[in-house]
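Scroll down for the structure; my scribbles are underneath it.
Chains as they are written, first to last, in this note's numbering: chain A, 36 to 148; chain B, 805 to 1003.
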């Protein structure tokens, strides 16, 4: 039986990368948000954020729409239905792993020499 | 994970947490308490009948609402825009709270209770908001305690007029404390894009 620490290495890397996990977590809490909001919550550059969003879009987890708000162009991002299911499942897995890790017997940890 | 939970909480309540939009609403109440205490009688058109003062109050509320709309644009520029998930929960909770408050306020004059029932309702509402989400908004709990203490003032013989002045002060301070507190929570979670792009 694998330990919770070993299970963590098998987490989906598309979702589990820190910036992408933050993006998907935020999107799961709303209907949609714009590029500026995602940039402010991840604190990464525009190019880096675009790169992450492209990967999520190719993975079928988000959809990206470009529109105008008055005369100002706006990029709006939202989760797809599979994306919403994927992040909900991922969070359930994280909660389970956290519980398992907290319950992991101290005696089975390697002793320091 | 705690950071991600906070991120989710803030995103769900993004518009509510734009606290600087609330702060201007505190000013009319603070000025009202000053006027009721006799400090602002030099202000033009504040007649002894109080009609001028009421007009001032309504005008200041209108100015605060206008400032609130401008501040919304500031948040959108600095932190972006979020379309909240449409649920019935928050509007329903607001409706129930308002209905209970109005009923309690209408029952209070005829009641023998020295405890202010509307203030107790407000304290309970503030306490509920403060407790939800893992104590991310302790400033609501602080205000809930202050309002609960105010509710009990009648039991120690504080006169009505003094309580009226204190209620205005508490409301004004409450808007400022809650507004600043919510803004700081938002600011701890989000980075203004001007700061990100400056790197």
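Ideal Cβ positions, reconstructed from N, Cα and C, are used throughout, including at glycine.
Residue i vs residue j beta-carbon contact at 9 angstroms
| i | j | result |
| --- | --- | --- |
| residue 824 of chain B | residue 993 of chain B | no |
| residue 46 of chain A | residue 128 of chain A | yes |
| residue 949 of chain B | residue 927 of chain B | yes |
| residue 126 of chain A | residue 85 of chain A | no |
| residue 912 of chain B | residue 875 of chain B | no |
| residue 818 of chain B | residue 990 of chain B | yes |
| residue 829 of chain B | residue 872 of chain B | yes |
| residue 76 of chain A | residue 61 of chain A | yes |
| residue 997 of chain B | residue 905 of chain B | no |
| residue 909 of chain B | residue 921 of chain B | yes |
| residue 925 of chain B | residue 954 of chain B | no |
| residue 946 of chain B | residue 981 of chain B | yes |
| residue 809 of chain B | residue 961 of chain B | no |
Anticipated Cβ contact below 8 angstroms, residue i with residue j, distance rounded
| i | j | result |
| --- | --- | --- |
| residue 865 of chain B | residue 832 of chain B | 5 angstroms |
| residue 958 of chain B | residue 919 of chain B | 6 angstroms |
| residue 983 of chain B | residue 827 of chain B | 4 angstroms |
| residue 74 of chain A | residue 81 of chain A | 7 angstroms |
| residue 96 of chain A | residue 118 of chain A | 4 angstroms |
| residue 934 of chain B | residue 941 of chain B | 5 angstroms |
DSSP-derived helix/strand/coil call for residue i
| i | result |
| --- | --- |
| residue 127 of chain A | helix |
| residue 990 of chain B | helix |
| residue 47 of chain A | coil |
| residue 891 of chain B | coil |
| residue 829 of chain B | helix |
| residue 845 of chain B | coil |
| residue 821 of chain B | coil |
| residue 79 of chain A | coil |
| residue 918 of chain B | coil |
| residue 139 of chain A | coil |
| residue 963 of chain B | coil |
| residue 109 of chain A | strand |
| residue 100 of chain A | strand |
| residue 995 of chain B | coil |
| residue 886 of chain B | strand |
| residue 911 of chain B | helix |
| residue 941 of chain B | coil |
Candidates the options: closest to residue i by CA position
| i | options | result |
| --- | --- | --- |
| residue 121 of chain A | A/91, A/137, A/54 and A/75 | A/91 |
| residue 79 of chain A | A/99, A/54 and A/61 | A/54 |
| residue 820 of chain B | B/998, B/987 and B/964 | B/987 |
| residue 169 of chain A | A/124, A/58, A/139 and A/52 | The structure shown does not extend to residue 169 of chain A, since chain A spans only 36 to 148, so no value can be given for it. |
| residue 813 of chain B | B/942, B/936 and B/962 | B/936 |
| residue 964 of chain B | B/855, B/841 and B/881 | B/841 |
| residue 985 of chain B | B/943, B/955 and B/806 | B/943 |
| residue 83 of chain A | A/52, A/108, A/136 and A/134 | A/52 |
| residue 885 of chain B | A/119, A/107 and A/134 | A/107 |
| residue 785 of chain B | B/834, B/933, B/903 and B/898 | With chain B covering only 805 through 1003, there is no way to say anything about residue 785 of chain B. |
| residue 966 of chain B | B/938, B/847 and B/839 | B/839 |
| residue 890 of chain B | B/816, B/805, B/809 and B/808 | B/816 |
| residue 805 of chain B | A/116, A/72, A/134 and A/139 | A/134 |
| residue 899 of chain B | B/929, B/863 and B/867 | B/929 |
Open item on the list: Would the region 106-117 of chain A count as touching the region 66-76 of chain A if we require 3 or more Cβ pairs under 8 angstroms?
Closed with: yes
TODO: Please list the residues of the region 109-121 of chain A that have a C-beta atom closer than 9 angstroms to any C-beta atom in chain C, keeping them in chain order.
DONE: As a matter of chain content, chain C is missing from the structure shown, whose protein chains are A and B.
Open item on the list: Three Cβ pairs or more, each shorter than 8 angstroms: is that satisfied between the region 971-979 of chain B and the region 854-861 of chain B?
Closed with: Judged by Cβ distances under 8 angstroms, the region 971-979 of chain B makes no contact with the region 854-861 of chain B, as fewer than three pairs qualify.
Open item on the list: Taking contact to mean 3 or more Cβ pairs, one atom from each stretch, closer than 8 angstroms, check whether the region 935-954 of chain B and the region 976-986 of chain B are in contact.
Closed with: yes
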